[in-house]
Amino acid sequence: MSAFRVVPQTGVIYVTSKAAKLGFYRGHPDWVNMGQGQPETGFIEGGLERITDIHIDELDQEYAPVGGLKELRQAIADMYNELYRKDKEQKYTADNVSVAAGGRAALTRLAASIDNVNLGHFLPDYTAYEELLTTFNSFNTIPILLDPDNGYTFSVEELRKEIQGKGLSALLISNPCNPTGATIYGRQLKGWVEAARDLECSIVFDEFYSSYVYQGVKKGDTLSCAKYVEDIENDNVVIVNGLGKNWRYPGWRIAWVVGPKDFIKSVNSAGSFLDGGAPRPLQRAVIPLMHPDNVRKEALALQKEFGRKIQLMLDGLRDIGITFDREPGGSFYLWGNVSDLPEGINTGMSFLEKALEKKVIAVPGEAFDVNPGKRMKKAGSRFKNYLRFSYGPKYEDLEEALRRLKEMVEEHK
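Quick note, this note's numbering runs 1 ahead of the 1-based positions in the sequence shown.
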């Protein structure tokens, strides 16, 4: 149809679509999906009991407010205040929160609210950023390359130079990072918030993996830049988070944006024509999950379980010859380099093709070479020898995937 453009698939959709042609479907007992950015969703030892039933009131049949139910927005604000701002004079309120139908909807609202400015984004980063940043043409996207030799870290000094040198008015970054697991915390994170304030550059922190942190915080603690925001209305800091990862309810599609009140008004206005808001019954059901004690309990349990899975994956993938520029400080991903593997499986794409034959899914690194509008040349992507491996699946499934991948490598020697 000549009136419409072809919208490319994200990396996850691309690999699962290829797997589907070979018989894969969600829940298939013979497949291990280390491509999907989804944690295991069942009960884990020490964690919260899982919600299995939702009560629906008569009012819940109606539309919810576009910005979310006030009681949920207040619960989210109270959570941030208790976890990160007990020593701060300023506190978040319900008016500092916008609730959306999932993380992508929240980010889309954000993108629709950005003015005609230069927006910086990092490479590699979350694959869905690419089309998200392409869809709205009101701003210019500026790529910032992260160095594998430096573990994909980015100092405060480098940040300030980049903002000033390229005239950036906004930045978008996942912290912890999807896919590398690089994590900004402590004094460095404080420095990022100070840079946003001093240089008048709005920084959007995608904190969807803020409970999956293995360094820089005490066990059971979570990570957020909210800890370092002094002036809520003027520090140029925006936070995005949601149920999908940290609470392990990806199918519920509940997320939120936290930021200055005037900005939240714009985000809600964007939501009124983009998505219309999140379902009322689900919003009401998740309010108890926002209680700080529940957040800590679930975070402690998943840090223990996912910390166990990190070691399994690192040991297993290294055993077959995959190398890592860094070990993850957060998230539930490993960013592996396959260039030392035998010919035929030493690029991300060739490794994927053979892994699919073993009913194992991962995402080639090229998908994370975020390139809005295809302005950068893609030939010879820096990440062509990389894959992102999710250790979201259950421990036993990961063991089976590693066994199959080892078998695959042996067959190519």
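Each residue gets a CB set at the ideal place from its N, CA and C atoms; glycine is no exception.
When you compare only the Cα positions, how much space is there between residue i and residue j?
{"i": "Asp-126", "j": "Arg-105", "result": "14 Å"}
{"i": "Gly-48", "j": "Glu-306", "result": "10 Å"}
{"i": "Arg-297", "j": "Met-80", "result": "11 Å"}
{"i": "Tyr-186", "j": "Asp-316", "result": "26 Å"}
{"i": "Ala-5", "j": "Ile-204", "result": "As written in the sequence, residue 5 is Phe, which differs from the Ala given in the question. If I take the Cα positions, the gap works out to 33 Å."}
{"i": "Asp-150", "j": "Asn-117", "result": "34 Å"}
{"i": "Tyr-15", "j": "Glu-90", "result": "47 Å"}
{"i": "Lys-310", "j": "Ile-115", "result": "38 Å"}
{"i": "Asn-138", "j": "Ala-112", "result": "10 Å"}
{"i": "Leu-303", "j": "Gly-28", "result": "22 Å"}
{"i": "Ile-55", "j": "Arg-254", "result": "15 Å"}
{"i": "Gly-308", "j": "Asp-263", "result": "39 Å"}
{"i": "Val-157", "j": "Ile-57", "result": "48 Å"}
{"i": "Lys-22", "j": "Gly-103", "result": "28 Å"}
List the residues that DSSP assigns as beta-bridge partners of residue i.
{"i": "His-122", "result": "Pro-144, Leu-173"}
{"i": "Thr-223", "result": "Answer by DSSP bridge pairing: none, since Thr-223 is not bridged."}
{"i": "Ser-391", "result": "Tyr-334"}
{"i": "Thr-324", "result": "Asn-338"}
{"i": "Ala-65", "result": "The partner list for Ala-65 (beta bridge, DSSP) is empty, contrary to what the question assumes."}
{"i": "Asp-207", "result": "Ser-175, Val-241"}
{"i": "Ala-101", "result": "Ala-256"}
With distances taken between CB atoms, is the gap from residue i to residue j smaller than 7 Å?
{"i": "Lys-359", "j": "Met-409", "result": "yes"}
{"i": "Pro-329", "j": "Gly-182", "result": "yes"}
{"i": "Phe-1", "j": "Tyr-250", "result": "Residue 1 lies beyond the range of the chain shown here (2 to 414); nothing can be said about it."}
{"i": "Ile-45", "j": "Trp-257", "result": "no"}
{"i": "Ala-129", "j": "Thr-11", "result": "yes"}
{"i": "Arg-161", "j": "Ala-107", "result": "no"}
{"i": "Asn-176", "j": "Ile-143", "result": "no"}
{"i": "Gly-349", "j": "Tyr-387", "result": "yes"}
{"i": "Ala-402", "j": "Met-35", "result": "yes"}
{"i": "Gly-331", "j": "Thr-184", "result": "yes"}
{"i": "Ile-265", "j": "Ser-99", "result": "yes"}
{"i": "Ala-363", "j": "Phe-384", "result": "no"}
{"i": "Asn-242", "j": "Glu-208", "result": "yes"}
{"i": "Val-361", "j": "Val-13", "result": "no"}
Taking DSSP as the reference, what is the three-state secondary structure of residue i?
{"i": "Val-287", "result": "helix"}
{"i": "Ile-115", "result": "coil"}
{"i": "Gly-243", "result": "strand"}
{"i": "Asn-237", "result": "coil"}
{"i": "Ala-256", "result": "strand"}
{"i": "Phe-274", "result": "helix"}
{"i": "Ala-95", "result": "helix"}
{"i": "Pro-280", "result": "coil"}
{"i": "Ile-311", "result": "helix"}
{"i": "Asn-34", "result": "strand"}
{"i": "Ile-346", "result": "coil"}
{"i": "Val-218", "result": "coil"}
Using CA atoms only, rank isn't needed, just tell me which of the options is closest to residue i.
{"i": "Pro-66", "options": "Gly-187, Val-268, Asp-150", "result": "Val-268"}
{"i": "Tyr-213", "options": "Asp-236, Asn-97, Trp-193, Pro-40", "result": "Pro-40"}
{"i": "Ile-240", "options": "Asp-54, Arg-110, Ser-351", "result": "Arg-110"}
{"i": "Glu-83", "options": "Glu-163, Asn-295, Leu-357", "result": "Asn-295"}
{"i": "Asn-338", "options": "Ile-346, Ile-323, Glu-344, Gly-331", "result": "Ile-323"}
{"i": "Val-7", "options": "Leu-147, Thr-135, Val-194", "result": "Thr-135"}
{"i": "Val-238", "options": "Gly-103, Phe-206, Leu-169", "result": "Phe-206"}
{"i": "Leu-200", "options": "Ile-57, Glu-344, Gly-168", "result": "Gly-168"}
{"i": "Gly-121", "options": "Leu-357, Asn-97, Leu-147, Glu-344", "result": "Leu-147"}
{"i": "Glu-132", "options": "Ser-225, Leu-60, Thr-53, Phe-369", "result": "Phe-369"}
{"i": "Thr-1", "options": "Pro-293, Leu-275, Asp-88", "result": "Coverage of the chain is limited to positions 2 through 414, which leaves residue 1 absent and any answer about it impossible."}
Check whether chain C comes within 7 Å of residue i, counting only Cβ atoms and requiring the distance to be less than that.
{"i": "Gly-245", "result": "In the structure shown, chain C cannot be found, because there is only a single protein chain."}
The ligand NAP heavy atoms versus the CB of residue i: any closer than 6 Å?
{"i": "Phe-352", "result": "As presented, the structure is devoid of all ligands, the ligand NAP included, so that no description of it is given."}
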